[in-house]
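S.K.:
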Amino acid sequence: AQSVSQHNHHVILSEAASLELGCNYSYGGTVNLFWYVQYPGQHLQLLLKYFSGDPLVKGIKGFEAEFIKSKFSFNLRKPSVQWSDTAEYFCAVNNNAGNMLTFGGGTRLMVKP
Amino acid sequence: NAGVTQTPKFQVLKTGQSMTLQCAQDMNHNSMYWYRQDPGMGLRLIYYSASEGTTDKGEVPNGYNVSRLNKREFSLRLESAAPSQTSVYFCASSDELKQPQHFGDGTRLSIL
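Residue numbers (my numbering), protein chains in the order written: chain Z, 1 to 113; chain E, 1001 to 1112.
(1) Closer than 7 Å by beta-carbon distance: list the chain E residues that pair up with Z/Lys-58, in chain order.
(2) Determine the burial state of E/His-1029: buried for a count of at least 16 other Cβ atoms within 10 Å of its Cβ, exposed for fewer.
(3) Do you know whose CA, among Z/Pro-79, Z/Ala-97, Z/Asp-54, Z/Gly-59, lies nearest Z/Gln-45's CA?
(4) Starting from E/Ser-1067, trace the beta strand (DSSP E) both ways and give me its first and last residue.
(5) Does the stretch 1065-1083 of chain E come into contact with the stretch 92-101 of chain Z, if we say contact requires no fewer than three beta-carbon pairs (one atom in each stretch) closer than 8 Å?
(6) Counting Cβ pairs closer than 8 Å, one from the stretch 1001-1013 of chain E and one from the stretch 1064-1071 of chain E, do we hit at least three?
(7) Can Z/Ser-26 and Z/Phe-72 be called in contact, C-beta distance under 8 Å?
(8) Which same chain residues, not among the five before or five after E/Ala-1050, have their C-beta less than 8 Å away from its C-beta?
(9) Suppose contacts are defined by Cβ-Cβ distances below 8 Å. Is E/Gln-1037 in contact with E/Ser-1087 by that definition?
(10) Let me know the secondary structure DSSP gives E/Asp-1056 once reduced to three states.
(11) Z/Cys-91: which of Z/Glu-20, Z/Val-111, Z/Leu-47, Z/Gly-104 sits nearest, CA to CA?
(12) Only counting the same chain, and skipping five residues up and downstream in sequence, which positions put a Cβ closer than 8 Å to that of Z/His-9?
(13) Note down, in chain order, each residue of its chain lying with its Cβ closer than 7 Å to the Cβ of Z/Ser-80, except the 5 sequence neighbours on either side.
(14) Taking 8 Å as the CB-CB limit, is E/Gln-1017 close to chain Z?
(15) Would you tell me roughly how many angstroms separate the C-alpha atoms of Z/Met-61 and Z/Ser-52, rounded to the nearest one?
(16) Please report how far the alpha carbon of E/Thr-1054 lies from the alpha carbon of Z/Lys-69, in whole angstroms.
(17) May I ask which residues mark the beginning and end of the beta strand (DSSP E) holding Z/Gln-38?
(18) Determine whether the beta carbon atoms of E/Val-1012 and E/Leu-1076 lie at a separation below 8 Å.
(19) Is E/Gln-1017 helix, strand or coil when you go by DSSP?
(20) Quick check on E/Lys-1098 - is its C-beta less than 8 Å from some C-beta in chain Z?
(21) Check for me: the beta strand (DSSP E) holding Z/Lys-49 runs from which residue to which?
(22) Decide if E/Ala-1002 is buried, meaning its Cβ has at least 16 other Cβ atoms within 10 Å, or exposed.
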């Protein structure tokens, strides 16, 4: 069975600080990787995805993530966070059949103005 | 531009009561999903429907049943609610199983 670990449960940053959220997965086969964001009181929205090709993926709102296959990692980064980035972030992994999207436990990010 | 619509948004049940959560999508997606979200555990897949007419168990199916009524609608039923089923339930849909999923606003369910 596949699993996803997000190491940081809570992160507090000041505006303009750089962000990196860790995500590691366990699954031996081909995977599809996602980061979703859940703003307070809202539903999950897709930030970015990786299926194949360039392992550095750019998403919406200035976010990017890098797939490092040898480390089974898909860390999320943003050079300079804003107060509006305050949200919960979820890493998710799908096997290539696509029938089991597994989420990490989430990371709550608070950005102080 | 509704996307994925879930009803109700909030519900309180007593132990042993039954309830059906409704979900409808207007994006002509083939695949639909039900998740529960519990603090610190992310979202866990309860059941999914790869296409109209099919349903399959996910990670935590016990205590739940689903019906893919048609291409648009996918309902989740709790036959005899238990306090352990207190959670926020999300419905999602996607064009195909591997594609990114679009989520509804969730149903906050409390079982006393």
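Cβ coordinates follow ideal geometry from the N, Cα and C atoms, glycine included.
M.R.: So, to answer that:
(1) Along the first sequence, read from residue 1 onward, the residue named residue 58 of chain Z stands at position 58. Chain E residues near Z/Lys-58: none, gap ~15 Å exceeds 7 Å.
(2) Numbered from its first residue, the second sequence carries residue 1029 of chain E at position 29. Buried, by the Cβ-count rule.
(3) Numbered from 1 along the first sequence, position 45 holds the residue referred to as residue 45 of chain Z. Per the Cα distances, Z/Gly-59.
(4) In the second sequence, counting from the first residue as 1, residue 1067 of chain E sits at position 67. E/Ser-1067 -> beta strand (DSSP E) spans 1064-1068.
(5) no
(6) no
(7) Taking the first residue of the first sequence as 1, we reach residue 26 of chain Z at position 26. Taking the first residue of the first sequence as 1, we reach residue 72 of chain Z at position 72. Yes, the Cβ-Cβ distance between Z/Ser-26 and Z/Phe-72 is below 8 Å.
(8) By 1-based counting over the second sequence, the position of residue 1050 of chain E is 50. Cβ neighbours of E/Ala-1050 beyond the five flanking positions: Asn-1030, Ser-1031, Asp-1056, Leu-1097.
(9) Looking up residue 1037 of chain E in the second sequence gives position 37. Looking up residue 1087 of chain E in the second sequence gives position 87. Taking 8 Å as the Cβ cut-off, E/Gln-1037 and E/Ser-1087 qualify as a contacting pair.
(10) What you label residue 1056 of chain E is simply residue 56 of the second sequence in a count that begins at 1. Three-state result, E/Asp-1056: strand.
(11) As a first step, residue 91 of chain Z is located in the first sequence; it is residue number 91 there, counting from the start. When only C-alpha atoms are compared, the closest one is Z/Gly-104.
(12) Along the first sequence, read from residue 1 onward, the residue named residue 9 of chain Z stands at position 9. Only Gly-105, Gly-106, Thr-107, Arg-108 meet the Cβ criterion.
(13) The count along the first sequence starts at 1 and reaches residue 80 of chain Z at position 80. Only Ala-16, Ser-18 meet the Cβ criterion.
(14) As a working note, residue 1017 of chain E is residue 17 in the second sequence. No, because no Cβ of chain Z sits closer than 8 Å to the Cβ of E/Gln-1017.
(15) Reading the first sequence from its first residue, position 61 is the one you call residue 61 of chain Z. Reading the first sequence from its first residue, position 52 is the one you call residue 52 of chain Z. Looking at the sequence shown, residue 61 of chain Z is not Met but Lys. In a straight line, the C-alpha of Z/Lys-61 is about 21 Å away from that of Z/Ser-52.
(16) In the second sequence, residue 1054 of chain E corresponds to position 54, counting from 1. In the first sequence, residue 69 of chain Z corresponds to position 69, counting from 1. Near 33 Å, if we compare the C-alpha coordinates of Z/Lys-69 and E/Thr-1054.
(17) Taking the first sequence and counting its residues from 1, the one referred to as residue 38 of chain Z is at position 38. Start and end: 31-38.
(18) Position 12 of the second sequence, counted from the first residue, corresponds to residue 1012 of chain E. Position 76 of the second sequence, counted from the first residue, corresponds to residue 1076 of chain E. No, Cβ-Cβ distance for E/Val-1012 and E/Leu-1076 is not below 8 Å.
(19) Numbered from 1 along the second sequence, position 17 holds the residue referred to as residue 1017 of chain E. Residue state, collapsed to three classes: coil.
(20) In the second sequence, counting from the first residue as 1, residue 1098 of chain E sits at position 98. Yes, because at least one Cβ of chain Z sits closer than 8 Å to the Cβ of E/Lys-1098.
(21) Counting from one through the first sequence, the residue named residue 49 of chain Z turns up at place 49. First-last of the beta strand (DSSP E) with Z/Lys-49: 45-50.
(22) For the purposes of this step, residue 1002 of chain E is identified with residue 2 of the second sequence, where counting begins at 1. So E/Ala-1002 counts as exposed.
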